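Heads up, the thing below is written out as structure tokens.
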Amino acid sequence: MKNVFGKLVLVAIALAVVSFFAAPAVAFFGIRSAAQSDDVAGLQRLVDFDAVRASLRPQLSGRPEALTPPPSFMNDPIGAVRRQFEEAAAPQGPNPDAYLTPDAIDGLTRAEGRYAAVRTARPGTDDASAPWPRPIYWGINRARMAVTDEGGSDTVFTFERKGPFEWKLVHIGLPDGSTPQPVAAAGAPVTPAPETTR
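So this is what it looks like as structure tokens:
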């Protein structure tokens, strides 16, 4: 009896370890499935929209300095104040919400990169043609997965642990290049991205 109980405990521990490390991949496929099904509630459970919106904004502005952290007010007060004025005066790039609709998120998980926001029609729902994500970083509280397009450019998804087996998407790294201008299809309804996950 003790032998059987010991084996059950080992199996339970092994399953917990596998689930612990597989959870970000499960979250990625959950996001792809929810986006494909226009399941906004499902996306809100899996995506921290405020964090992802903040991660996209500097990438879409076309200003490399926006991607660097601002100077510390304690170490460089003049630089910190100057950075605040520069950000206020700089022209804003495309709206990051264009990348946070279910259609666009589906496109991002399919390696459409910066063109995910301008897709005029959803491709087929055959997941066999969708690229598989590959892990590029795995830590206790953060994991990054990338999907690669036919040209070799990566779209990187960063997940952050919110509980023992709960992960949320907090950052999307777009491939390098210019951001195409969105063109709305005639009569196509636009599903707005949620304003907040709270």
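Oh and the sequence shown: position 35 is 39 in the numbering used here, straight run, nothing missing.
Cβ coordinates follow ideal geometry from the N, Cα and C atoms, glycine included.
Nothing here was measured: the structure is a model prediction, and the numbers come from that model.
- In this structure, Pro106 keeps its C-beta atom at 7 Å or more from the C-beta atom of Asp54.
- Taking the C-beta atoms as reference points, Ala115 is found nearer than 7 Å to Thr152.
- By the 16-neighbour rule on beta-carbons within 10 angstroms, Ile109 is buried.
- Sequence-distant Cβ neighbours of Pro139 in its own chain, meaning closer than 6 Å and more than five residues away, are Met149.
- The Cβ-Cβ distance between Ala27 and Trp171 falls below 7 Å.
- For Leu104 against Arg57, the beta-carbon gap comes to about 7 Å, under 8 Å, which counts as contact.
- With respect to Leu173, Val51 sits close: the two C-beta atoms are nearer than 7 Å.
- Ala134 and Ala38 have their C-alpha atoms some 15 Å from each other.
- Burial state of Ile82 is exposed, judged by a 10 Å Cβ sphere holding fewer than 16 other Cβ atoms.
- Note that the C-beta distance between Ile144 and Phe161 is not below 7 Å.
- Just measuring C-alpha positions, the residue of Asp101, Gly167, Val122 sitting nearest Pro62 is Asp101.
- Taking Ala147 as reference, the option from Gly156, Ser157, Phe169, Glu154 with the minimal CA-CA separation is Phe169.
- Sorting Arg36, Phe32, Leu178 by C-alpha distance to the C-alpha of Arg118 places Leu178 at the top.
- Where Pro139 is concerned, the enclosing beta strand (DSSP E) starts and stops at 138 to 142.
- Closest by C-alpha distance to Arg36, out of Tyr141, Thr113, Glu154, is Thr113.
- DSSP lists Trp142, Phe163 as the beta-bridge partner residues of Ala147.
- Here Gly46 has Ala38 as same chain residues with Cβ atoms under 6 Å from its own Cβ, once five neighbours each way along the sequence are excluded.
- Under the three-state reduction of DSSP output, Gly111 falls in the helix class.
- Per DSSP, reduced to three states, the secondary structure at Asp158 is strand.
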